[in-house]
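Q: Got a structure here, written out as structure tokens. Questions coming.
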Amino acid sequence: MPNQWHKDSVASFKFKAPDTLKNYNLFVNLRNTNAYKFSNLFLIVDIDYPNGKVVKDTLEYKMAAPNGELLGTGFSDLKENKLWFRGFDQPFKFNEEGEYTVNIQHAMRNNGVVNGVENLQGITDIGFRVEQAQK
């Protein structure tokens with residue numbers, strides 16, 4: 065992503081279920097620069113299970129403080145954000161063995177405009193992270 069994210073670009077991540085008995089936390093990792101001009105971020109995230117089931121969510125994340133300062137970690141104009149996807153409100157288990165796919169797409173719109181933002185400026189990287197939940 066050369067400092068922008070096209071509305072039709074889907075970040076896909078394939079991985080094997082690490083363990084079907086343990087609880088996990090799932091995160092979207094995102095890097096953005098000061099070119100990001102919104103205070104929030106809307107994402108469409110779906111997880112494709114090995115059996116073919118697909119669970120799709122529309123998620124909103126706060127990206128800036130009320131004063132406009134971007135949230136996240138980092139001392140330069142590059143900020144890193146670790147955004148919850150699953151596991152924050154209830155334990156998440158990979159209840160099927162096999163390969164999972166997570167697809168992430170932005171769903172940003174300007175106020176009063178029906179069509180989505182064509183190229184979301186300021187996004188440099190999208191990632192996905194699976195962490196074993198602490199007891």
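Numbering (my numbering), first residue to last: 65 to 199.
We put the CB at the ideal spot given by N, CA and C, even for glycine.
The structure presented is a predicted model; accordingly, all values stated were derived computationally and were not measured.
Using 8 Å as the Cβ pair cut-off and three pairs as the minimum, do the segment 134-143 and the segment 91-104 touch?
A: Yes: at least three Cβ pairs fall under 8 Å.
Q: Starting from Gly191, trace the beta strand (DSSP E) both ways and give me its first and last residue.
A: As a position in the sequence shown, residue 191 is number 127, starting the count at 1. Per DSSP, Gly191 belongs to the beta strand (DSSP E) from 187-196.
Q: Would His70 and Asn183 qualify as a contact pair, given that the criterion is a beta-carbon distance under 7 Å?
A: As a working mapping, residue 70 is identified with position 6 in the sequence shown. As a working mapping, residue 183 is identified with position 119 in the sequence shown. Yes, Cβ-Cβ distance for His70 and Asn183 is below 7 Å.
Q: Can you list, in chain order, the stretches of the beta strand (DSSP E) that have 3 or more residues and sit fully within the segment 65-146?
A: If we require 3 residues or more, the beta strand (DSSP E) runs fully inside the segment 65-146 come out as 68-70, 75-80, 88-96, 104-112, 118-126.
Q: At which residues does the beta strand (DSSP E) containing Asn167 begin and terminate?
A: If you number the sequence shown from 1, residue 167 lands on position 103. Element bounds for Asn167: 163-170.
Q: Reducing DSSP to helix, strand and coil, say where Gly176 ends up.
A: Start at 1 with the first residue of the sequence shown, and residue 176 comes out as number 112. Of the three classes helix, strand and coil, the one that applies to Gly176 here is coil, per DSSP.
Q: Taking Tyr100 and Gly180 to be in contact with their CB atoms under 8 Å, please state how far apart those CB atoms are, rounded to whole angstroms.
A: Here residue 100 corresponds to residue number 36 of the sequence shown, with the count starting at 1. Here residue 180 corresponds to residue number 116 of the sequence shown, with the count starting at 1. About 16 Å separates the two Cβ atoms, so there is no contact after all.
Q: Report the option in Asn89, Lys80, Ser73, Tyr164 whose CA atom is closest to the CA atom of Trp148.
A: In the sequence shown, counting from the first residue as 1, residue 148 sits at position 84. Out of Asn89, Lys80, Ser73, Tyr164, Asn89 has the C-alpha closest to the C-alpha of Trp148.
Q: Which residue or residues does DSSP assign as beta-bridge partners of Asn183?
A: On the sequence shown, position 119 is the one that residue 183 refers to. For Asn183, which the question treats as bridged, DSSP gives the partners His70.
Q: Compare the Cα-Cα distances from Phe106 to each of Ile168, Ala197, Asp189, Gly132 and report the closest residue.
A: As a working note, residue 106 is residue 42 in the sequence shown. Among Ile168, Ala197, Asp189, Gly132, the Cα nearest to that of Phe106 belongs to Ile168.
Q: When you compare each of Ile190, Leu134, Asp153 to Phe77 by their alpha carbons, which one comes out closest?
A: As a first step, residue 77 must be located in the sequence shown, where it is residue number 13. It is Ile190.
Q: Can you round the beta-carbon distance between Ala126 and Asn159 to whole angstroms, since I take them to be within the 8 Å contact cut?
A: Numbered from 1 along the sequence shown, position 62 holds the residue referred to as residue 126. Numbered from 1 along the sequence shown, position 95 holds the residue referred to as residue 159. The residue you asked about is not Ala; residue 126 is Lys in the sequence shown. About 30 Å separates the two Cβ atoms, so there is no contact after all.
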